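Residue numbers (the numbering used here): 34 to 530. Structure first, then comments.
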Amino acid sequence: MLYDKLCAIFEYMKYERIKNFINGKFTDVTSEKILFINSPVDGTFLTELPCSTGADLEEAVNSAKAAFLLWSKTPIKERVQVFFRYKFLLEKHLQELAALCSEENGKTISESVAEIEKCIELTEFACSLPQLVTGETLEVSKGIECRTERVPLGVVASIVPFNFPAMVPNWTIPNAIALGNCMIIKPSEKVPLSIGRIAMLLKEAGLPDGVFNIVHGDAEIVNAICDHPGIEAVSFVGSTNAAKAVYRRATENLKRCLALGGAKNHLLVLPDATPDMTAQNVTASMSGCAGQRCMAASAMVGVGPVDHIIDKICIEARKLIPGENLGAVINKAAQQRIERYITEAEQQGAKILVDGRNVVVQGKENGTYVGATVIDYVTPDMAVAKEEIFGPVISIIRTNTIDEALAIENANPYGNAASVFTQNGGAARYVMEKASAGMIGVNIGVPVPREPFSFGGWNESKFGVGDITGKSSIEFWTKLKKSTTKWNPEAGVNWMS
Ligand code: NAD
Numbered sequence: 034m035l036y037d038k039l040c041a042i043f044e045y046m047k048y049e050r051i052k053n054f055i056n057g058k059f060t061d062v063t064s065e066k067i068l069f070i071n072s073p074v075d076g077t078f079l080t081e082l083p084c085s086t087g088a089d090l091e092e093a094v095n096s097a098k099a100a101f102l103l104w105s106k107t108p109i110k111e112r113v114q115v116f117f118r119y120k121f122l123l124e125k126h127l128q129e130l131a132a133l134c135s136e137e138n139g140k141t142i143s144e145s146v147a148e149i150e151k152c153i154e155l156t157e158f159a160c161s162l163p164q165l166v167t168g169e170t171l172e173v174s175k176g177i178e179c180r181t182e183r184v185p186l187g188v189v190a191s192i193v194p195f196n197f198p199a200m201v202p203n204w205t206i207p208n209a210i211a212l213g214n215c216m217i218i219k220p221s222e223k224v225p226l227s228i229g230r231i232a233m234l235l236k237e238a239g240l241p242d243g244v245f246n247i248v249h250g251d252a253e254i255v256n257a258i259c260d261h262p263g264i265e266a267v268s269f270v271g272s273t274n275a276a277k278a279v280y281r282r283a284t285e286n287l288k289r290c291l292a293l294g295g296a297k298n299h300l301l302v303l304p305d306a307t308p309d310m311t312a313q314n315v316t317a318s319m320s321g322c323a324g325q326r327c328m329a330a331s332a333m334v335g336v337g338p339v340d341h342i343i344d345k346i347c348i349e350a351r352k353l354i355p356g357e358n359l360g361a362v363i364n365k366a367a368q369q370r371i372e373r374y375i376t377e378a379e380q381q382g383a384k385i386l387v388d389g390r391n392v393v394v395q396g397k398e399n400g401t402y403v404g405a406t407v408i409d410y411v412t413p414d415m416a417v418a419k420e421e422i423f424g425p426v427i428s429i430i431r432t433n434t435i436d437e438a439l440a441i442e443n444a445n446p447y448g449n450a451a452s453v454f455t456q457n458g459g460a461a462r463y464v465m466e467k468a469s470a471g472m473i474g475v476n477i478g479v480p481v482p483r484e485p486f487s488f489g490g491w492n493e494s495k496f497g498v499g500d501i502t503g504k505s506s507i508e509f510w511t512k513l514k515k516s517t518t519k520w521n522p523e524a525g526v527n528w529m530s
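As structure tokens, this is what we get:
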């Protein structure tokens with residue numbers, strides 16, 4: 034406490050030291066391991082984050098377990114009332130949440146506003162869950178009824194990445210909790226602030242203490258979550274290597290797990306594509322949230338002569354001004370990694386049409402920015418063609434046929450999204466059928482399915498069965514109870530009874 038006060042007096046850091054949220058209260062983390070959090074926008078020292086220990090997790094699991102006894106027995110129509118109120122609170126605090134999200138993540142305010150609007154849509158879906166989990170009954174034999182009902186799992190965990198500090202947590206919080214589970218969330222250690230505000234709004238909305246808990250930390254506490262016998266299911270969103278590690282560890286411990294990984298999304302552009310619309314979509318997809326979206330366009334595969342469209346993409350890319358309508362990337366390491374990719378491609382013979390390296394934003398010299406970058410004549414063997422860059426960079430690969438373009442898309446190990454830009458319905462249909470990705474777009478740069486449709490990729494972009502949002506998430510967050518009843522003795526006994 035004294036330390037926090039001294040920090041505030043000397044304006045040492047902007048927010049007080051990060052705390053866990055357990056049993057409805059913010060609680061101190063006693064840990065030797067402290068991470069320092071700076072804003073990517075201008076380098077402001079925001080806060081310190083102590084990494085939780087096994088003892089902190091134990092406290093959170095105990096609190097969630099205790100809350101589960103009552104919460105799981107609360108009828109779903111009552112449980113969703115919390116989320117009707119939460120939706121109202123998200124609307125009321127939209128601007129304030131968006132500002133916090135931008136401050137810690139670096140995205141522009143309008144991008145953060147869109148992120149909170151998406152949280153509202155996710156919550157609306159959770160409010161509709163009573164309509165979707167009514168179960169089934171049938172008289173299967175004379176006087177004998179079978180009935181199914183969806184039952185919550187117990188204490189569940191949600192591990193989330195840095196790129197959407199509010200939205201990705203809200204992929205799991207409303208659905209898992211409305212379905213009767215109690216949750217422990219492990220936010221990204223790079224963006225620990227927004228989630229604290231979300232916890233306060235859930236409490237204000239009337240969520241009972243212990244139903245939602247936050248445990249901050251890094252990979253070490255994720256491992257402890259995967260190992261903890263009191264946690265029934267783990268959902269994970271992050272990079273592919275971490276997703277694989279979490280999936281292996283959680284399932285080795287016999288937990289249900291759904292782990293979403295990284296991405297390398299291909300946009301196939303045909304010569305008949307509408308030039309302006311295509312250029313705007315490609316540019317917005319690769320640069321939105323500074324390219325730090327798992328649905329971002331990363332490789333554009335031109336099929337035949339598409340120079341007229343590439344020219345327009347360059348015009349659009351040059352309109353993006355870092356620090357104004359293009360946000361920051363998360364930290365210095367990310368900035369350096371992205372610039373390394375660009376330099377390596379250039380050294381290997383690719384042509385940099387628009388160069389976003391070495392950006393300095395006046396007045397925000399300590400911010401971490403990369404300008405929009407367009408790289409042409411990329412070949413499929415280059416790292417910029419194959420790997421997730423996670424920055425505002427589009428790598429253009431030129432091909433002559435749709436099959437050649439699809440072979441490149443299919444060969445990539447990821448499989449989150451793929452899009453095609455064309456006015457030819459047959460060509461679009463062909464790409465929809467042949468692309469190896471879970472989410473396909475036609476003339477759409479970011480083909481995110483909206484609720485009630487579910488979100489989830491294929492291949493190395495997702496491990497586990499089902500999707501994380503929408504109707505598909507119901508299966509993940511519940512188990513099915515099947516009851517068979519007979520109340521009329523005269524029904525007799527035969528092989529079916
Ligand atoms: P990250 O994998 O570094 O971290 C994600 C979470 O996992 C964090 O909470 C972190 O503490 C934890 N973590 C990191 N390494 C770990 C390890 N070895 N073992 C256990 N836990 C570990 O990801 P990030 O940098 O925060 O986010 C960017 C990545 O997330 C990108 O690859 C992006 O494509 C991906 N992402 C995917 C989706 C999707 O829907 N598929 C959505 C958003 C982000």
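The beta carbon of each residue, even a glycine, is placed where N, CA and C say it ideally should be. Please read all numbers here as calculations on a predicted model, not as lab measurements.
Same chain, Cβ closer than 6 Å to residue i, neighbours up to 5 away in sequence not counted
{"i": "residue 48", "result": "79 and 80"}
{"i": "residue 182", "result": "168 and 514"}
{"i": "residue 462", "result": "none"}
{"i": "residue 494", "result": "294, 296, 447, 448 and 449"}
{"i": "residue 327", "result": "296 and 449"}
{"i": "residue 140", "result": "322 and 360"}
{"i": "residue 55", "result": "92, 93, 96 and 246"}
Anticipated Cβ contact below 8 Å, residue i with residue j, distance rounded
{"i": "residue 403", "j": "residue 411", "result": "Not confirmed; about 17 Å, so no contact."}
{"i": "residue 303", "j": "residue 101", "result": "With a Cβ gap of about 53 Å, residue 303 and residue 101 do not count as contacting."}
{"i": "residue 178", "j": "residue 82", "result": "With a Cβ gap of about 53 Å, residue 178 and residue 82 do not count as contacting."}
{"i": "residue 282", "j": "residue 256", "result": "6 Å"}
Residue i - DSSP class collapsed to helix/strand/coil
{"i": "residue 340", "result": "helix"}
{"i": "residue 162", "result": "helix"}
{"i": "residue 89", "result": "helix"}
{"i": "residue 71", "result": "strand"}
{"i": "residue 140", "result": "coil"}
{"i": "residue 345", "result": "helix"}
{"i": "residue 365", "result": "helix"}
{"i": "residue 120", "result": "helix"}
{"i": "residue 224", "result": "coil"}
{"i": "residue 199", "result": "coil"}
{"i": "residue 304", "result": "coil"}
{"i": "residue 508", "result": "helix"}
{"i": "residue 101", "result": "helix"}
{"i": "residue 480", "result": "coil"}
{"i": "residue 297", "result": "coil"}
{"i": "residue 287", "result": "coil"}
{"i": "residue 259", "result": "helix"}
{"i": "residue 324", "result": "helix"}
{"i": "residue 180", "result": "strand"}
Rounded C-alpha distance that separates residue i from residue j
{"i": "residue 465", "j": "residue 474", "result": "8 Å"}
{"i": "residue 481", "j": "residue 158", "result": "15 Å"}
{"i": "residue 439", "j": "residue 331", "result": "15 Å"}
{"i": "residue 162", "j": "residue 212", "result": "8 Å"}
{"i": "residue 279", "j": "residue 261", "result": "13 Å"}
{"i": "residue 346", "j": "residue 134", "result": "29 Å"}
{"i": "residue 526", "j": "residue 518", "result": "13 Å"}
{"i": "residue 109", "j": "residue 244", "result": "14 Å"}
{"i": "residue 510", "j": "residue 380", "result": "48 Å"}
{"i": "residue 190", "j": "residue 250", "result": "14 Å"}
{"i": "residue 477", "j": "residue 324", "result": "16 Å"}
{"i": "residue 443", "j": "residue 336", "result": "15 Å"}
{"i": "residue 394", "j": "residue 99", "result": "50 Å"}
{"i": "residue 155", "j": "residue 210", "result": "13 Å"}
Residues near residue i by beta carbon distance below 8 Å, same chain, minus five either side
{"i": "residue 131", "result": "142, 145, 146, 148 and 149"}
{"i": "residue 364", "result": "71, 73, 223 and 401"}
{"i": "residue 390", "result": "372, 375, 376, 403, 404 and 406"}
Chain-order list of residues whose beta-carbon lies under 7 Å from that of residue i (same chain, five-residue window excluded)
{"i": "residue 165", "result": "504 and 507"}
{"i": "residue 77", "result": "47 and 71"}
{"i": "residue 351", "result": "387"}
{"i": "residue 286", "result": "259 and 260"}
Worksheet item: What beta strand (DSSP E) runs, 3 residues minimum, are completely inside the stretch 400-449?
Response: The qualifying runs are 406-409 and 426-432.
Worksheet entry | Any beta strand (DSSP E) of 3 or more consecutive residues that is wholly inside the stretch 378-403 | For the stretch 378-403, whole beta strand (DSSP E) runs of length 3 or above, ordered along the chain, are 384-387.
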